[in-house]
Amino acid sequence: MIRKARRFVQRSMDHQGYFTGWNADFEKVVVRGKDRDEFLSRVREQFWQRFFFTPEERQMRLSLNAHQRESILQNADQILRHEIALFTETPVALGARIPWHTDYLSGYTWDSKVPFYRCSPALYPGGYDIKVPWELSRFQFGVWLGMAYAFSGQEQYALEWVRLIEDWISCNPAGMGVNWACTMDVAIRVVNWLWAYAFLADSPFLSPSFHFSFIQSLWEHGRFIERHLENTMRVPSNHYLANLVGLGYLGTLMPLFPEALRWREWSWGEFQREFLRQVYRDGVSFEASTSYHRLVAEMALSLTALMKHNRVPAQYAFLQRLEKMLEVLMYLCQPDGTFPLIGDHDNGRLHRLKVYNPPEKEWSDGRHLLAVGAVLFQRSDFAGAAGREWEDALWMLGNDAASFMRTALQEGDFLNGVRVFPKGGWWVSHHPKGVLTIEWGEVGHAGRGAHAHNDSLSFTFSSSGVNWIVDSGTLSYTGDYHLYHLSRSTAMHNLARVVGAEQNCHDERIPFRIIQSGRITDFSWREERDLFEAQGYFLHWDQVHALERRWLFDGQSGILLIADHVYPSSKPGELFLHLNWGVNEVTEAQGIFLCQSGEHRLMIQPLSAHSSWWVEMGKMAIGYRIIRPSRIMRALFNGWVVYAIGEAQQEQDWQTRLQSTLYRGRNTWERILLDTGCLS
Numbered sequence: 000m001i002r003k004a005r006r007f008v009q010r011s012m013d014h015q016g017y018f019t020g021w022n023a024d025f026e027k028v029v030v031r032g033k034d035r036d037e038f039l040s041r042v043r044e045q046f047w048q049r050f051f052f053t054p055e056e057r058q059m060r061l062s063l064n065a066h067q068r069e070s071i072l073q074n075a076d077q078i079l080r081h082e083i084a085l086f087t088e089t090p091v092a093l094g095a096r097i098p099w100h101t102d103y104l105s106g107y108t109w110d111s112k113v114p115f116y117r118c119s120p121a122l123y124p125g126g127y128d129i130k131v132p133w134e135l136s137r138f139q140f141g142v143w144l145g146m147a148y149a150f151s152g153q154e155q156y157a158l159e160w161v162r163l164i165e166d167w168i169s170c171n172p173a174g175m176g177v178n179w180a181c182t183m184d185v186a187i188r189v190v191n192w193l194w195a196y197a198f199l200a201d202s203p204f205l206s207p208s209f210h211f212s213f214i215q216s217l218w219e220h221g222r223f224i225e226r227h228l229e230n231t232m233r234v235p236s237n238h239y240l241a242n243l244v245g246l247g248y249l250g251t252l253m254p255l256f257p258e259a260l261r262w263r264e265w266s267w268g269e270f271q272r273e274f275l276r277q278v279y280r281d282g283v284s285f286e287a288s289t290s291y292h293r294l295v296a297e298m299a300l301s302l303t304a305l306m307k308h309n310r311v312p313a314q315y316a317f318l319q320r321l322e323k324m325l326e327v328l329m330y331l332c333q334p335d336g337t338f339p340l341i342g343d344h345d346n347g348r349l350h351r352l353k354v355y356n357p358p359e360k361e362w363s364d365g366r367h368l369l370a371v372g373a374v375l376f377q378r379s380d381f382a383g384a385a386g387r388e389w390e391d392a393l394w395m396l397g398n399d400a401a402s403f404m405r406t407a408l409q410e411g412d413f414l415n416g417v418r419v420f421p422k423g424g425w426w427v428s429h430h431p432k433g434v435l436t437i438e439w440g441e442v443g444h445a446g447r448g449a450h451a452h453n454d455s456l457s458f459t460f461s462s463s464g465v466n467w468i469v470d471s472g473t474l475s476y477t478g479d480y481h482l483y484h485l486s487r488s489t490a491m492h493n494l495a496r497v498v499g500a501e502q503n504c505h506d507e508r509i510p511f512r513i514i515q516s517g518r519i520t521d522f523s524w525r526e527e528r529d530l531f532e533a534q535g536y537f538l539h540w541d542q543v544h545a546l547e548r549r550w551l552f553d554g555q556s557g558i559l560l561i562a563d564h565v566y567p568s569s570k571p572g573e574l575f576l577h578l579n580w581g582v583n584e585v586t587e588a589q590g591i592f593l594c595q596s597g598e599h600r601l602m603i604q605p606l607s608a609h610s611s612w613w614v615e616m617g618k619m620a621i622g623y624r625i626i627r628p629s630r631i632m633r634a635l636f637n638g639w640v641v642y643a644i645g646e647a648q649q650e651q652d653w654q655t656r657l658q659s660t661l662y663r664g665r666n667t668w669e670r671i672l673l674d675t676g677c678l679s
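Right, dumping it as C-alpha cells:
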C-alpha cells in the first residue's frame, strides 16, 4: 500500500507539470551561472577523463577494429536513409522523419502529448507492439553512426546523429509519451547516447546549442530514472538492473551534474546487491531464460568495466558471481557459438558494438561477453570459447583485450564432459560428437514465471556444428497474445505429454506470468567415460499427469537415445521434436526419418511399438518476431516411446553404431527396451 501511495503521488506530480520548466532548473542547478562555453568545455574534458578511451586512444581502438569498417559504414548508410531493421530480417524504410511514437509494423501510434504512465501495451488479444517504439528509441543504431564518423571522418554521419537527437528531444519532452513509459529503455538510451557521444564529441556539427540541449536531456534522463526506478514490484527484474546501469553511466561520465556522485555510488552498490539477488549461486539468472541471462551478464560486464576503468572497487562476492555467470554462458555455447533459446527472448541488448553477419546470429550469440570476461578475470578458457567475437572487448578494453586475444587457448579444447547448474536447472553435456542441453528448472523469477516457458525436461541437440533439435523461440509478446502463449506452451518444446496437457497453468490474457503447478520431482545423471545418462520426472499435481524421461548419450557413436513415458498410462501421449529452420528436407525410409541440412544428415529412428510418427510444418523465431518455417517431428504413442537420434551418412553405418549404443547402455535401458518390445 505504501508503494502504491508513493507511485500515486509521483504520478500526480508528473500530471501537474513536474517536468515543465526544466530549462530554468538546469541553468540554475547544473550550469550555476557559468559561461556556457566554459561549462561545455568542462563537460567534454571530464567525460574524456572517465570514458573507456580518450580521443587519442580512439584511433588505436579503430585500428584494432578495422575489420568492422565496411559493415559499420554499410549499416550507417542505411540509417542515413532511415532504413532500420528492428524485429525484421530486412531494413524497413521509416520515411523522411522517424515516427518515434509509432509501431511501424502495425501502424498504431501512441499520443505523444499524454503523461508516460498513460501509454500502455496492447490489451488482449494484442494488435500492436509497444516494444517497437521502445527499441527504436534505445538509439543503439546511433552508436553505428558514431563509429562510421570515426572510421571515415565524413561529417554526414555526425550531422545525421545530431538531427536524430534533436528531433527525438523535440518530439519526446521529459515524462511525456510512450518512450518514457519504461524506465529500462530510458536507461539504455542514456548508455547508447554516451557511447555515440564518445565517437562524435569532437565533430564541428555538435554546436554549442546542440551540446547544451543534449547535456540537459541527459540530466533529465537521470532525474527521471532516479524517480521512477522499477523496484516497486514484489520481485524486481532485469529492468531494475538496467535502471542502475543508466544511473551508473551518468554518475560516472557526467560528474558536473550535482547528483552525479550520489548516482554513481548508490547505483554501483545497489547494482551489486541486486545482482546477487537475481543470479543464483551457480551463476544462472533467476529469469529462467538464456537470453535474459545474457542481457544481465552484458549489463554487469559493461558497468563493471566502466567502474574498473575509473578505479571504483567492486565487491568480491559480486565478481565471483559474475565470473560464474560467464561460465554458464561458456558451457551453453554450442559448436556454432550460439546458445539454446530457453525461455523468452526479445533481442535484448545494452549496446550493440558490432554488426553481425548473418544478422540473426546476434540474438543467440554470447561469445562477445566471454571475450570481455576473459580480460577482466584473466580466463584463457573464456578467451578460447570467445572465438573471434572480440569487438566489444577491443572497444572497451583496448590493448589489454588485444594482447589477451593473441595468447588465448584454441577454441573449444576444454568443454568436454557434463556441467550441471542445479539451482538454475540447466544440464549440458559437451562432446566432440554432439552437445546435449537439458532444461529441468522451475519457472524462475521467485515463482512468478515472468520469462519462463513450459519446458521442464525439454532438450536441444547439436552435432558437427549443426543445431538439429532446437527450442522454437519467442514469436511475440503483447503484440499478439496468442502467439506469445503459444511460444510458452509445452507443444512448442521438445517434450512428450498427455495429449493436450500443459506443464504449468497460464492465462492467455495475462502476459509474463506462469503459475507453477508442476515440478521436477526427480532429476539425476551419471557420467562414465564418454557415456552420459540422465533421467527426470515431472509431476503436474493439479491435473495429476506426469512425464518420465530418460536420456543416454554415447560419446563414441554420437547417438542420443531417449525414452519417454506419460502418466496416466490409460491416456495416449504425444511427442514434439522441433527441427531447426535450416533442416530443409525430411524423408522416411524403412521406419527411419532422414533430416537433411546442407551436407549433414540426421537420423531419427523410432524403436518402440505402439507409436505412429509423422512430420508437419511449424514455425520458429530466430529472433524476436522474426519467424521462419520449420519442421516438427510428431508422434502419438501408448506406454513408452523410445527413439534414437544421431548423425550418419549411410544407413548401414547408422545401424552398426545404434546397436553399439544399445549394447553399451544395456544395464540402464534393458528393462525399458524389453518392456517396449525393442529387444527380444
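Position 603 (the sequence shown) corresponds to 602 in numbering that gives the first Met the number 0; numbering is contiguous.
All residues carry an ideal CB built from backbone N, CA and C; glycine is no exception.
| Same chain only: Cβ atoms within 6 Å of tyrosine 536, ignoring 5 sequence neighbours per side | Thr520, Asp521, Glu547
| said: Can you tell me where the beta strand (DSSP E) holding lysine 618 begins and where it ends? | reply: 610 to 622
| field | Own chain partners of leucine 217 with C-beta closer than 7 Å, once the 5 adjacent residues on each side are dropped | value | Val189, Trp192, Leu249, Met253
| query | The beta strand (DSSP E) spanning glycine 572 covers which residue range? | reply | 572 to 577
| message | Is any non-hydrogen atom of the ligand ADP found closer than 7 Å to the C-beta of histidine 481, if you look at the structure I gave you? | response | Among the components modelled here there is no ligand, and therefore nothing to report on the ligand ADP.
| message | Using a Cβ distance threshold of 8 Å, determine whether the stretch 143 to 151 contacts the stretch 62 to 74, with at least three qualifying pairs required. | response | yes
| request: Identify whether phenylalanine 38 lies in helix, strand or coil by the three-state DSSP scheme. | output: helix
| query | For glutamate 229, which of helix, strand or coil comes out of DSSP? | reply | DSSP places glutamate 229 in coil when its eight states are reduced to three.
| message | I need the DSSP call for phenylalanine 204, collapsed to helix, strand or coil. | response | coil
| Would you call tryptophan 540 buried or exposed, if buried means 16 or more other Cβ atoms sit within 10 Å of its Cβ? | Exposure of tryptophan 540 is indicated by the presence of fewer than 16 other C-beta atoms within 10 angstroms of its C-beta.
| query | Under 8 Å, do phenylalanine 338 and serine 301 count as touching if we go by C-beta distance? | reply | no
| message | Under DSSP, the alpha helix (DSSP H) around valine 374 begins and ends at which residues? | response | Taken as a continuous stretch (DSSP letters only), the alpha helix (DSSP H) holding valine 374 covers 366 to 376.
| field | Bridge partner(s) assigned by DSSP for cysteine 594 | value | Val585, Leu601
| tryptophan 133 vs cysteine 170 beta-carbon contact at 8 Å | no
| Between the stretch 574 to 589 and the stretch 621 to 641, are three or more C-beta pairs nearer than 8 Å? | yes
| said: The beta strand (DSSP E) that contains serine 629, what's its start and end? | reply: 625 to 636
| task | Along the alpha helix (DSSP H) that carries phenylalanine 25, what are the first and last residues, could you check? | result | 21 to 25
| request: Would you tell me roughly how many angstroms separate the C-alpha atoms of serine 221 and proline 235, rounded to the nearest one? | output: Rather than serine, the amino acid found at residue 221 in this sequence is glycine. Going from the Cα of glycine 221 to the Cα of proline 235 covers about 19 Å.
| field | CB contact flag (isoleucine 129, valine 177, <8 Å) | value | yes
| task | Return the CA-CA distance between glycine 372 and serine 266, expressed in angstroms with no decimal places. | result | 21 Å
| said: Threshold first: 4 residues or longer. Then list the alpha helix (DSSP H) segments lying entirely within the stretch 272 to 346, N to C. | reply: 289 to 308, 315 to 331
| task | Take every Cβ of the stretch 488 to 503, pair it with every Cβ of the stretch 350 to 359, and state whether three or more of those distances are shorter than 8 Å. | result | no
| task | For threonine 289, count neighbouring C-beta atoms within 10 Å of its own C-beta (all shown protein chains included) and say buried if the count is 16 or more, exposed if not. | result | Counting Cβ neighbours within 10 Å, threonine 289 comes out buried, since at least 16 surround it.
| Whole-number beta carbon distance between serine 463 and histidine 599, since they are thought to touch under 8 Å | 6 Å
| request: Return the residue from the list Gln73, Arg49, Gly125, Ala588 that minimises the CA-CA distance to isoleucine 509. | output: Gly125
| alpha helix (DSSP H) containing tyrosine 662: first to last residue? | 650 to 663
| request: Would you list the residues sitting across from proline 114 in a DSSP beta bridge? | output: Met175
| task | Compare the C-alpha of glycine 416 against each of Leu331, Trp439, Arg627 and name the closest. | result | Checked all of Leu331, Trp439, Arg627; the closest Cα to glycine 416 is Leu331.
| field | Among Val419, Phe285, Ala500, Leu672, the one whose alpha carbon lies nearest that of serine 523 | value | Val419
| message | Whole angstroms are fine: how far does the CA of arginine 663 sit from the CA of leucine 61? | response | 55 Å
| request: Can you give me the start and stop residues for the alpha helix (DSSP H) that serine 70 sits inside? | output: 68 to 79
| query | So valine 142 is in the alpha helix (DSSP H); what residue range does that whole segment cover? | reply | 139 to 151
| field | Three-way DSSP call (helix, strand, coil) for alanine 562 in this model | value | strand
| query | On the three-state DSSP scale, how would you describe tryptophan 668? | reply | helix
| What does a CB cutoff of less than 8 Å around glycine 684 pick up in its chain, not counting 5 residues either side in sequence? | Residue coverage of the chain in this structure runs from 0 to 679, which leaves residue 684 outside it and unanswerable.
| query | With valine 641 and serine 611 assumed to form a contact (beta carbons below 8 Å), what rounded beta-carbon distance in angstroms separates them? | reply | Contact check for valine 641 and serine 611: beta-carbon distance about 14 Å, past the 8 Å limit, so the pair fails to qualify.
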